[in-house]
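Inspection log for the structure reproduced underneath, given as structure tokens.
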């Protein structure tokens, strides 16, 4: 299957700082990537759809000024959590879809804000 | 009504048991269907696609009933390593909308 690489796999940061998470498609081009958040024992929640060369589309209730998404190339999308707070601590996962509508996920980033 | 609904679980079964998960979807325009597996604190991984004719991969069998908007996953001869959360996933074309079910947790016990 397709390979999606996400970095870093875990990060601990102080309240008020910003954290950048990278998502790369390694063996295919992804014009669209997706960012999810998952709290413990809960389902994946789509945060936003990242579109190469244009603005991301955010789901209702997700603050676009807090979760900055940049999709500058066909293989890279970044999510920046700005002014992080403890309630932002979560598991963030990116995915990209192939032509067959199959989703391939990055390894996820476990963010802990202290 | 949720767009994709799954059995709430958790399912606790002994090794060797057969277990079935169900999933219903609300949008009749859905075209592609998948089952994913997610281990604790890991990313979801594609288990298998679901085709109208039904498909099998070893101990796993997936079925799709478009008329009832229903998908199922059957696991035979359960192994301890099958313990995970199983996600039902539905894709609606024309907008790359992929919807994940909340997942069903399976615990296989020795």
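Residue numbers (my numbering), protein chains in the order written: chain D, 39 to 152; chain C, 267 to 376. Idealized CB from N, CA, C, for every residue including glycine.
Segment contact: the region 58–72 of chain D against the region 83–90 of chain D, three or more CB-CB distances shorter than 8 Å; contact assigned.
Scanning D:152, D:52, D:91, D:143 for the CA closest to the CA of residue 311 (chain C) turns up D:143. Taking residue 151 (chain D) as the centre and dropping the five residues before and after it, the same chain places the C-beta of 51, 53, 122, 123, 124, 126, 127 closer than 7 Å to its C-beta, in chain order. Straight-line spacing of the CA atoms in residue 55 (chain D) and residue 104 (chain D) works out to 11 Å.
Look at the beta carbons and you see the region 269–276 of chain C not touching the region 130–141 of chain D: under three pairs across the two are nearer than 8 Å. Note that the C-beta distance between residue 111 (chain D) and residue 132 (chain D) is not below 8 Å. In the same chain as residue 373 (chain C), and ignoring 5 residues on each side of it, the C-beta atoms closer than 8 Å to its own belong to 276, 277, 278, 279, 349, in chain order. Under the criterion of beta carbons closer than 8 Å, residue 46 (chain D) and residue 147 (chain D) qualify as touching, at roughly 6 Å.
With respect to the 8 Å criterion, residue 344 (chain C) and residue 270 (chain C) are not classified as neighbours on the basis of their beta carbons.
Taking the C-beta atoms as reference points, residue 341 (chain C) is found no nearer than 8 Å to residue 316 (chain C). With respect to residue 106 (chain D), residue 95 (chain D) sits apart: the two C-beta atoms are not nearer than 8 Å.
Identification of chain D residues near residue 357 (chain C) by a Cβ-Cβ cut-off of 7 Å yields 139, ordered along the chain.
The beta carbon of residue 290 (chain C) is closer than 7 Å to those of 271, 335, 336 in its chain, skipping five residues each way along the sequence. DSSP places residue 56 (chain D) in the coil class of the three-state scheme, outside both helix and strand. Residue 320 (chain C) counts as exposed, since fewer than 16 other beta carbons sit within 10 angstroms of its beta carbon.
Shown here, residue 46 (chain D) sits in coil according to DSSP, grouped into three states, outside any helix or strand. Excluding the 5 residues flanking it on each side, residue 376 (chain C) has same chain C-beta neighbours closer than 7 Å at 281, 346, in chain order. The beta carbon of residue 43 (chain D) sits no closer than 8 Å to any beta carbon of chain C. For residue 115 (chain D), the secondary structure class from DSSP, reduced to helix, strand or coil, is strand.
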